[in-house]
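Here the structure comes first, spelled out in structure tokens, and everything after it is commentary.
Number of protein chains: 2
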Amino acid sequence: MDILTVGSVAFDSIKTPFAERKRIVGGSATYFSLSASYFAPVKVVSVVGEDFKKEHEAVLGGRSIDLAGVAHRPGKTFHWACEYHYDMNERTTLATELGVFADFKPEIPAHYRETEVVFLANIDPELQLQVLDSVKHPALVGCDTMNFWIEGKREALGRVLERVDMLLINEGEVRQLASEVNIMRAAAKVLKMGPKWLIIKRGEYGVLVFGEGSFFALPAFPIEDVNDPTGAGDSFAGGFFGYLASKKQFDEWALRQAAVVGSAMASFCVESFGPDALLRIAQKDVRERAQSFKKLTDFDGNI
Amino acid sequence: MDILTVGSVAFDSIKTPFAERKRIVGGSATYFSLSASYFAPVKVVSVVGEDFKKEHEAVLGGRSIDLAGVAHRPGKTFHWACEYHYDMNERTTLATELGVFADFKPEIPAHYRETEVVFLANIDPELQLQVLDSVKHPALVGCDTMNFWIEGKREALGRVLERVDMLLINEGEVRQLASEVNIMRAAAKVLKMGPKWLIIKRGEYGVLVFGEGSFFALPAFPIEDVNDPTGAGDSFAGGFFGYLASKKQFDEWALRQAAVVGSAMASFCVESFGPDALLRIAQKDVRERAQSFKKLTDFDGNI
Chain U
37 MDILTVGSVA
47 FDSIKTPFAE
57 RKRIVGGSAT
67 YFSLSASYFA
77 PVKVVSVVGE
87 DFKKEHEAVL
97 GGRSIDLAGV
107 AHRPGKTFHW
117 ACEYHYDMNE
127 RTTLATELGV
137 FADFKPEIPA
147 HYRETEVVFL
157 ANIDPELQLQ
167 VLDSVKHPAL
177 VGCDTMNFWI
187 EGKREALGRV
197 LERVDMLLIN
207 EGEVRQLASE
217 VNIMRAAAKV
227 LKMGPKWLII
237 KRGEYGVLVF
247 GEGSFFALPA
257 FPIEDVNDPT
267 GAGDSFAGGF
277 FGYLASKKQF
287 DEWALRQAAV
297 VGSAMASFCV
307 ESFGPDALLR
317 IAQKDVRERA
327 QSFKKLTDFD
337 GNI
Chain B
37 MDILTVGSVA
47 FDSIKTPFAE
57 RKRIVGGSAT
67 YFSLSASYFA
77 PVKVVSVVGE
87 DFKKEHEAVL
97 GGRSIDLAGV
107 AHRPGKTFHW
117 ACEYHYDMNE
127 RTTLATELGV
137 FADFKPEIPA
147 HYRETEVVFL
157 ANIDPELQLQ
167 VLDSVKHPAL
177 VGCDTMNFWI
187 EGKREALGRV
197 LERVDMLLIN
207 EGEVRQLASE
217 VNIMRAAAKV
227 LKMGPKWLII
237 KRGEYGVLVF
247 GEGSFFALPA
257 FPIEDVNDPT
267 GAGDSFAGGF
277 FGYLASKKQF
287 DEWALRQAAV
297 VGSAMASFCV
307 ESFGPDALLR
317 IAQKDVRERA
327 QSFKKLTDFD
337 GNI
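Protein chains in written order, with the numbering used here: chain U, 37 to 339; chain B, 37 to 339.
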């Protein structure tokens, strides 16, 4: 199955205690697409400015990533700058220059409309709805969101949630969305808002997958050298939906494997700077990491 | 195998948003012993005051818990008071009245000296060393510690670490002990200080077990109704060492199962108030929870 994703293609300026790089190609759609393209063809909907040249587009080239839905508009490409501190879990955003993204109106090419799997990355829920309206009968729809939309666009977000199969958000956002501290109770409340599945990203603590009468907990793959956490969540989503699209199955056991694949992709992502690792690894690396994952979490439950 | 433990027997006054109870029997040795006694006989070394009556001792009675090493001294029993907030991960200590615990000098009964498994709960490392000196050839020694000793008794703690097989501490303490934020690198540094195994408690995020060339990650058992987190860490340690003592095996796979048992005991502990659940559950409950644990973490690693 093919995947359609809508999200940002951006320039990221990233500083860590160990390295600094300016205006490298990033954004949620970039990380998602690079990660998902290991498993299934991806069609991207986004917008870039005049400063986004052939050499930038080439980062996404040579793979099954369709860029027909990436509009080129007068103005500057979305630019985001951040600095990570010694504890890589903490970062300071230095700049958020929306550029052409401020007036982003998703334009869906005709050949995108039959796509079977849709992932709505973290953008304005009104735009997520527009994209969803333009796709005929998708077999699987997932979305991400953030505190900004939970606070400011609650009603539109509610309409998105009624129409998605899977919501992927981080732990703090689940608590905020449900107004409930206990993560089990918060998850139950979010499932009542529409999605059949809730995938909770916990960063270095792994991931939880909730469905009706179904629960799966997976620790994160341990990484000794975290070089740049940027894009980890979108790499997870790319691996998760990419794997589901390739399996064409969306049951509980497929989701468990998808969570392992997503975690593997996120672990590769953070080991390198920017999307470097996603451009370099082979499918064999992903398979090996999934097997390592099994080894490091396995135990005999018959005590 | 039998287990010797040294730690506090105390009165706890606990307030949560849902309930409040004053001067119930608690302390690290209480939670550890109740939890471990499901699997192996326990010998306790501690001290209580004149206010610790027969009815309080009865909380630990009717089980394989030997209280010959619990000294009765003139004065008051250690009293600790705390209040948990709506987010049960946060608490405020309201009182720490050491009482007779301030001058605690462990006294080891003669019949304790051949005990095969020793667990040194979180007390002054000087006292941990005294207890260790009084036990002949134990097969397995574990210890806990805290930020207070890492800061204030670093040298003595270093001597303890050189003599223990296993260190059980929480995530923040590992980082503090190793002066290293990355948990993988911090663990490697701590293993160089002496222990063959490092067991990292992460609360609602589960547990990590590190050994040379060995790594195991286990999420926490999800609990919808956390009623009182008091004693969770000591209940974990009790289940962990109790299970190892009953198996008489200390290899990687035994440790993985021990971590599951410890996590199960901790999950029972936090579901009830004080040590109530540890007084009520049956071994069958622990076995069932271990199997549930397997179900909720299982996946096929061959993607």
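We put the CB at the ideal spot given by N, CA and C, even for glycine.
Query, Result
"First through last residue of the alpha helix (DSSP H) which encompasses Val297 (chain B)", "Glu288 to Glu307"
"Bounding residues of the beta strand (DSSP E) (the contiguous stretch that carries Phe252 (chain U))", "Ser250 to Leu254"
"Residues that Arg46 (chain U) bridges to, as DSSP identifies them", "Reading off the sequence, residue 46 (chain U) comes out as Ala, not Arg. Ala46 (chain U) is bridged to U:Gly62."
"Beta-carbon proximity list for Phe252 (chain U), same chain, < 6 Å, skipping 5 on both sides", "Val245 and Arg292"
"Span of the beta strand (DSSP E) around Asn206 (chain U)", "Met202 to Asn206"
"Beta-carbon spacing of Ala256 (chain U), Ser299 (chain U) below 8 Å", "yes"
"Interface positions of the segment 297-319 of chain B facing chain U (Cβ-Cβ less than 7 Å), listed along the chain", "Val297"
"Selection of the segment 207-224 of chain U by Cβ proximity to chain B, strictly under 7 Å", "Val217, Asn218, Met220 and Arg221"
"Continuous beta strand (DSSP E) stretch holding Ser82 (chain B): start and end", "Val78 to Val84"
"Check whether Ala290 (chain B) and Leu280 (chain B) have beta carbons under 8 Å apart", "yes"
"Helix, strand or coil at Ile39 (chain B) according to DSSP, with G and I counted as helix", "strand"
"Of the residues B:Gly208, B:Met229 and B:Lys228, the one placed nearest Ile219 (chain B), counting alpha carbons only", "B:Gly208"
"Beta-carbon spacing of Ser27 (chain U), Phe75 (chain U) below 8 Å", "The first residue shown for chain U is 37 and the last is 339, placing residue 27 (chain U) beyond what the model contains."
"With 16 other Cβ atoms within 10 Å as the buried cut-off, status of Thr151 (chain B)", "buried"
"Listed by chain order, chain U residues near Ala72 (chain B) by CB distance under 9 Å", "Per Cβ cutoff of 9 Å: no residues; Ala72 (chain B) is ~14 Å from chain U at best."
"Alpha helix (DSSP H) segment containing Val322 (chain B), residue limits", "Gln319 to Thr333"
"Where Arg99 (chain B) sits in the DSSP three-state scheme", "coil"
"Cβ-Cβ distance between Gln327 (chain U) and Gly337 (chain B) below 8 Å", "yes"
"Listed by chain order, chain U residues near Glu260 (chain B) by CB distance under 7 Å", "Asn218, Met220 and Arg221"
"Residues of the segment 327-339 of chain B with Cβ closer than 9 Å to any Cβ of chain U, in chain order", "Gln327, Ser328, Phe329, Lys330, Lys331, Leu332, Thr333, Asp334, Phe335, Asp336, Gly337, Asn338 and Ile339"
"Helix, strand or coil at Leu163 (chain B) according to DSSP, with G and I counted as helix", "helix"
"Buried or exposed by the 16-neighbour rule on C-beta atoms within 10 Å, applied to Phe184 (chain B)", "exposed"
"Residues of its chain near Leu193 (chain B), where Cβ-Cβ distance is below 7 Å and the 5 sequence neighbours each way are ignored", "Pro161, Thr181, Trp185 and Ile186"
"Check whether Gly133 (chain U) and His115 (chain U) have beta carbons under 8 Å apart", "Correcting the residue identity first, residue 133 (chain U) is Glu in this sequence and not Gly. Yes; because the gap between Cβ atoms is below 8 Å, this pair is in contact."
"Short Cβ contact (8 Å threshold) for Thr266 (chain U) with Asp102 (chain U)", "no"
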